[in-house]
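Asker: This is the structure I want to talk about, given as structure tokens.
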Amino acid sequence: MSPLAAYALGLGDDALILAQRLGEWAARAPQIEEDLALANIALDLLGQARTLLTYAGELEQAGRDEDDLAYLRDDREFRNVQLVELPGGDFAVTMARQLIFSAYQYELYTALLGSADETLAGLAGKAVKEVAYHRDHATQWVLRLGDGTDLSHERMQAGLDQVWPYTAELFDPASQLPGIATDPATLRPAWETYVTPVLREATLERPQPRWRSRGGRDGLHTEHLGHLLSEMQHLHRSHPGATW
Amino acid sequence: MNQPNDPGKRGWPLWEVFIRARRGLSHQHVGSLHAPDAAMALRNARDVYTRRGEGVSIWVVPSAAIVANSPDEKDSFFDPAQDKVYRHPTFYDVPEGAKQL
Numbered sequence: 032m033s034p035l036a037a038y039a040l041g042l043g044d045d046a047l048i049l050a051q052r053l054g055e056w057a058a059r060a061p062q063i064e065e066d067l068a069l070a071n072i073a074l075d076l077l078g079q080a081r082t083l084l085t086y087a088g089e090l091e092q093a094g095r096d097e098d099d100l101a102y103l104r105d106d107r108e109f110r111n112v113q114l115v116e117l118p119g120g121d122f123a124v125t126m127a128r129q130l131i132f133s134a135y136q137y138e139l140y141t142a143l144l145g146s147a148d149e150t151l152a153g154l155a156g157k158a159v160k161e162v163a164y165h166r167d168h169a170t171q172w173v174l175r176l177g178d179g180t181d182l183s184h185e186r187m188q189a190g191l192d193q194v195w196p197y198t199a200e201l202f203d204p205a206s207q208l209p210g211i212a213t214d215p216a217t218l219r220p221a222w223e224t225y226v227t228p229v230l231r232e233a234t235l236e237r238p239q240p241r242w243r244s245r246g247g248r249d250g251l252h253t254e255h256l257g258h259l260l261s262e263m264q265h266l267h268r269s270h271p272g273a274t275w
Numbered sequence: 003m004n005q006p007n008d009p010g011k012r013g014w015p016l017w018e019v020f021i022r023a024r025r026g027l028s029h030q031h032v033g034s035l036h037a038p039d040a041a042m043a044l045r046n047a048r049d050v051y052t053r054r055g056e057g058v059s060i061w062v063v064p065s066a067a068i069v070a071n072s073p074d075e076k077d078s079f080f081d082p083a084q085d086k087v088y089r090h091p092t093f094y095d096v097p098e099g100a101k102q103l
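Going down the list, the sequences are from chains Y and P.
Residue numbers for the first sequence follow our numbering, beginning at 32 and rising by one.
Residue numbers for the second sequence follow our numbering, beginning at 3 and rising by one.
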């Protein structure tokens with residue numbers, strides 16, 4: 032697989048797996064309004080995943096389409112960062128992850144607006160507006176829960192502590208694709224500029240983890256991904272080629 | 003009487019949502035929703051009521067801030083208008099080419 036195909040696959044897998052995790056909240060969110068908000072965000076991500084997986088399949092030239100890539104790979108073949116595969120936990124965990132990830136995606140797509148690759152630049156133009164809303168939605172909740180009651184503060188801080196060790200992986204070096212892809216490390220300063228004031232305003236302490244995750248882009252995953260895939264892929268594998 | 007931000011039984015106060023479909027039209031009431039505060043009410047309204055491109059502008063208003071007439075007053079409020087046909091503009095011919103009357 033070419034570096035560009037691998038790059039598109041990694042970004043597509045991030046969006047696909049997080050869409051699946053957010054979809055798990057349907058009918059389980061604190062309020063029906065929040066059910067819809069999370070489902071909307073999940074569908075935005077699924078749309079991004081479809082574009083990216085289709086593109087990765089074309090670049091690979093092995094005849095795999097978006098469905099083949101989404102439903103017929105095993106966990107070691109997925110290239111998403113580990114952050115997105117973690118279980119949703121409670122609402123605070125989901126919002127902490129959503130803040131971290133959508134702030135990252137916002138900087139990513141902003142950078143890709145200037146990509147020499149037309150597909151990536153085109154996707155970024157549409158996605159950056161979607162992600163701006165995702166980031167705002169997560170920010171609103173992190174502020175309210177962090178600077179809310181004693182209990183909500185405690186749980187928001189716990190949620191943040193739980194997912195924070197998976198943050199560094201977002202900014203690990205990727206294949207060099209000058210002019211096409213962005214070096215993830217360069218996204219970090221702008222990400223910090225957004226996230227740090229949100230945490231401060233939410234009266235949350237920035238976690239200081241003693242370990243960090245690695246290897247999602249190389250196919251190394253937590254035990255949670257396999258279980259997620261078994262649910263996501265079950266229908267397609269039981270009824271290959273089924274359509275609505 | 004409920005205060006505008008009285009949480010009520012469900013934990014979050016109720017908000018009425020008004021959407022303007024496009025420029026030149028007025029905001030129309032589309033429904034209601036629950037939200038903890040005004041900023042979240044606006045976002046919830048966006049998620050619940052503009053998923054299919056329905057709007058270019060949203061208003062949210064605390065439901066408790068709406069003053070409504072009582073059903074008991076229906077007769078005195080509305081019946082007197084029933085027999086005054088001369089208030090309807092039905093005695094005029096619509097000029098040709100006028101679309102927005």
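Note that beta-carbon positions come from the ideal geometry of N, C-alpha and C, so glycine has one too.
#1: Would you say residue 36 of chain P lies against chain Y (beta-carbon separation less than 8 Å)?
#2: Taking the C-alpha atoms as reference points, what is the distance between residue 58 of chain P and residue 32 of chain Y?
#3: Could you work out which residues of chain Y lie near residue 49 of chain P, taking near to mean beta carbons separated by less than 8 Å?
#4: Does the separation of the CB atoms of residue 152 of chain Y and residue 139 of chain Y fall below 8 Å?
#5: For residue 99 of chain P and chain Y, any beta-carbon pair shorter than 8 Å?
#6: Spatial neighbours of residue 125 of chain Y within its chain, please: CB distance less than 6 Å, with the 5 preceding and 5 following residues excluded, ordered by chain position.
#7: Count the other CB atoms within 10 Å of the CB of residue 56 of chain Y; is the residue buried (16 or more) or exposed (fewer)?
#8: Report the rounded CA-to-CA distance for residue 82 of chain Y versus residue 90 of chain P, giving the unit in angstroms.
#9: In chain order, what residues of the same chain lie with their CB nearer than 7 Å to the CB of residue 260 of chain Y, ignoring the 5 residues before and after it?
#10: Among Y:206, Y:213, Y:272, Y:194, whose alpha-carbon lies nearest the alpha-carbon of residue 34 of chain Y?
#11: Hey, quick one: how far does the beta strand (DSSP E) through residue 61 of chain P stretch, first residue to last?
#12: If you draw a straight line from the C-alpha of residue 134 of chain Y to the C-alpha of residue 84 of chain P, how long is it?
#13: For residue 269 of chain Y, does the three-state DSSP call read helix, strand or coil?
#14: Using only the alpha-carbon positions, how far apart do residue 45 of chain Y and residue 75 of chain P sit?
#15: Anything in chain P within Cβ reach of residue 52 of chain Y, meaning under 7 Å, just list it in chain order.
#16: Threshold first: 4 residues or longer. Then list the alpha helix (DSSP H) segments lying entirely within the region 83-108 of chain Y, N to C.
#17: In this structure, what does DSSP give as the bridge partners for residue 22 of chain P?
#18: With a cut-off of 8 Å, does the C-beta of residue 168 of chain Y fall near any C-beta of chain P?
#19: Taking the beta strand (DSSP E) that residue 32 of chain P belongs to, which residues open and close that run?
#20: Helix, strand or coil for residue 17 of chain P? Go by DSSP, reduced to three states.
#21: So if I threshold CB-CB distances at 7 Å, which residues from the region 167-190 of chain Y count as touching chain P?
#22: For chain Y, is any of its Cβ atoms less than 8 Å away from the one on residue 14 of chain P?
#23: What separation, rounded to the nearest whole angstrom, lies between the Cα atoms of residue 269 of chain Y and residue 212 of chain Y?
#24: Judging by CA-CA distance, which residue of Y:165, Y:241, Y:251 is the nearest neighbour of residue 67 of chain Y?
#25: Does residue 24 of chain P have its Cβ less than 8 Å from a Cβ in chain Y?
#26: Just reading off the alpha helix (DSSP H) that residue 250 of chain Y is part of, what are its end residues?
#27: Can you give me the start and stop residues for the alpha helix (DSSP H) that residue 105 of chain P sits inside?
#28: Among Y:215, Y:266, Y:210, which residue has its Cα nearest to the Cα of residue 204 of chain Y?
#29: To the nearest angstrom, how far is it from the Cα of residue 47 of chain P to the Cα of residue 28 of chain P?
#30: Between residue 80 of chain Y and residue 50 of chain Y, is the Cβ-Cβ spacing less than 8 Å?
#31: Assuming residue 132 of chain Y and residue 250 of chain Y are in contact, meaning their beta carbons sit under 8 Å apart, how far apart are those beta carbons, in whole angstroms?
#32: Considering Cα atoms alone, identify which of Y:170, Y:208, Y:37, Y:210 is closest to residue 191 of chain Y.
#33: Contact check, residue 74 of chain Y vs residue 101 of chain Y under 8 Å by CB: the rounded distance?
#34: Shorter than 8 Å from the beta carbon of residue 19 of chain P to some beta carbon of chain Y?
Answerer: With the structure as the only source:
#1: Numbered from its first residue, the second sequence carries residue 36 of chain P at position 34. It does: the Cβ of residue 36 of chain P has a partner Cβ on chain Y nearer than 8 Å.
#2: Within the second sequence, residue 58 of chain P is the residue found at index 56, counting from 1. Within the first sequence, residue 32 of chain Y is the residue found at index 1, counting from 1. Rounded to whole angstroms, residue 58 of chain P and residue 32 of chain Y show a C-alpha spacing of 44 Å.
#3: Taking the second sequence and counting its residues from 1, one reaches residue 49 of chain P at position 47. Residue 49 of chain P reaches chain Y at 64, 67, 68, 71, counting residues in chain order whose Cβ is nearer than 8 Å.
#4: Here residue 152 of chain Y refers to the residue found at position 121 when the first sequence is read from its first residue. Here residue 139 of chain Y refers to the residue found at position 108 when the first sequence is read from its first residue. Taking 8 Å as the Cβ cut-off, residue 152 of chain Y and residue 139 of chain Y do not qualify as a contacting pair.
#5: The residue you call residue 99 of chain P lines up with position 97 of the second sequence. Chain Y contact via Cβ: absent.
#6: For the purposes of this step, residue 125 of chain Y is taken as the residue at position 94 of the first sequence. Counting only Cβ-Cβ distances below 6 Å, and skipping sequence neighbours, we find 119.
#7: On the first sequence, residue 56 of chain Y is found 25 positions in, with the first residue counted as 1. By the neighbour-count rule (16 or more Cβ atoms within 10 Å), residue 56 of chain Y is buried.
#8: Mapped onto the first sequence, residue 82 of chain Y falls at position 51. Mapped onto the second sequence, residue 90 of chain P falls at position 88. Their Cα atoms are separated by approximately 56 Å.
#9: Within the first sequence, numbered from 1, the residue matching residue 260 of chain Y stands at position 229. Around residue 260 of chain Y, the same chain offers 106 as residues with beta carbons nearer than 7 Å, after the five sequence neighbours per side are excluded.
#10: Counted from its first residue, the first sequence places residue 34 of chain Y at position 3. Among Y:206, Y:213, Y:272, Y:194, the Cα nearest to that of residue 34 of chain Y is on Y:206.
#11: By 1-based counting over the second sequence, the position of residue 61 of chain P is 59. Taken as a continuous stretch (DSSP letters only), the beta strand (DSSP E) holding residue 61 of chain P covers 59-64.
#12: Your numbering for residue 134 of chain Y matches position 103 in the first sequence. Your numbering for residue 84 of chain P matches position 82 in the second sequence. Looking at the backbone, the Cα of residue 134 of chain Y and that of residue 84 of chain P are separated by about 59 Å.
#13: Position 238 of the first sequence, counting from 1, holds the residue named residue 269 of chain Y. Helix at residue 269 of chain Y.
#14: Here residue 45 of chain Y refers to the residue found at position 14 when the first sequence is read from its first residue. Here residue 75 of chain P refers to the residue found at position 73 when the second sequence is read from its first residue. Looking at the two C-alpha atoms, the distance is approximately 59 Å.
#15: For this step, residue 52 of chain Y is matched to residue 21 along the first sequence. Residues of chain P passing the Cβ test: none, with the nearest at roughly 18 Å.
#16: Segments of the alpha helix (DSSP H) lying fully in the region 83-108 of chain Y: 97-102.
#17: The count along the second sequence starts at 1 and reaches residue 22 of chain P at position 20. For residue 22 of chain P, the pairing in a beta bridge is given by DSSP as P:59.
#18: Taking the first sequence and counting its residues from 1, the one referred to as residue 168 of chain Y is at position 137. Yes, contact with chain P.
#19: Numbered from 1 along the second sequence, position 30 holds the residue referred to as residue 32 of chain P. It spans 30-36 - the beta strand (DSSP E) in which residue 32 of chain P sits, taken as one unbroken run.
#20: Working through the second sequence from its first residue, we reach residue 17 of chain P at position 15. Residue 17 of chain P: strand per DSSP, three-state reduction.
#21: For the region 167-190 of chain Y, the beta-carbon criterion of a distance under 7 Å to any beta-carbon of chain P is satisfied by 168, 171, 175.
#22: Locating residue 14 of chain P in the second sequence gives position 12, where the first residue counts as 1. Residue contact with chain Y for residue 14 of chain P: present (Cβ-Cβ distance below 8 Å to some residue of chain Y).
#23: Looking up residue 269 of chain Y in the first sequence gives position 238. Looking up residue 212 of chain Y in the first sequence gives position 181. Here the alpha carbons of residue 212 of chain Y and residue 269 of chain Y stand approximately 37 Å from one another.
#24: Walking along the first sequence from the start, residue 67 of chain Y turns up at place 36. Ranking the options by Cα distance to residue 67 of chain Y, first place goes to Y:165.
#25: Walking along the second sequence from the start, residue 24 of chain P turns up at place 22. So, not an interface residue.
#26: For the purposes of this step, residue 250 of chain Y is identified with residue 219 of the first sequence, where counting begins at 1. Counting along the chain, residue 250 of chain Y falls outside any alpha helix (DSSP H), and DSSP gives it neither H nor E.
#27: Since the first residue shown for chain P is 3 and the last is 103, residue 105 of chain P is missing from the structure and cannot be characterised.
#28: Taking the first sequence and counting its residues from 1, the one referred to as residue 204 of chain Y is at position 173. Looking at Y:215, Y:266, Y:210, the one whose alpha-carbon comes closest to that of residue 204 of chain Y is Y:215.
#29: On the second sequence, residue 47 of chain P is found 45 positions in, with the first residue counted as 1. On the second sequence, residue 28 of chain P is found 26 positions in, with the first residue counted as 1. So the alpha carbons of these two residues sit roughly 17 Å apart.
#30: Residue numbering aside, residue 80 of chain Y sits at position 49 when the first sequence is read from its first letter. Residue numbering aside, residue 50 of chain Y sits at position 19 when the first sequence is read from its first letter. It is a contact, given that the beta carbons lie within the stated cut-off.
#31: The residue given as residue 132 of chain Y occupies position 101 in the first sequence. The residue given as residue 250 of chain Y occupies position 219 in the first sequence. Not really, about 20 Å apart at Cβ, beyond 8 Å.
#32: Within the first sequence, numbered from 1, the residue matching residue 191 of chain Y stands at position 160. Check the Cα spacing between residue 191 of chain Y and each of Y:170, Y:208, Y:37, Y:210: the tightest is with Y:170.
#33: Counted from its first residue, the first sequence places residue 74 of chain Y at position 43. Counted from its first residue, the first sequence places residue 101 of chain Y at position 70. That belief does not hold up - the Cβ atoms of residue 74 of chain Y and residue 101 of chain Y are roughly 15 Å apart, past 8 Å.
#34: As a first step, residue 19 of chain P is located in the second sequence; it is residue number 17 there, counting from the start. Judged by the 8 Å Cβ criterion, residue 19 of chain P is not in contact with chain Y.
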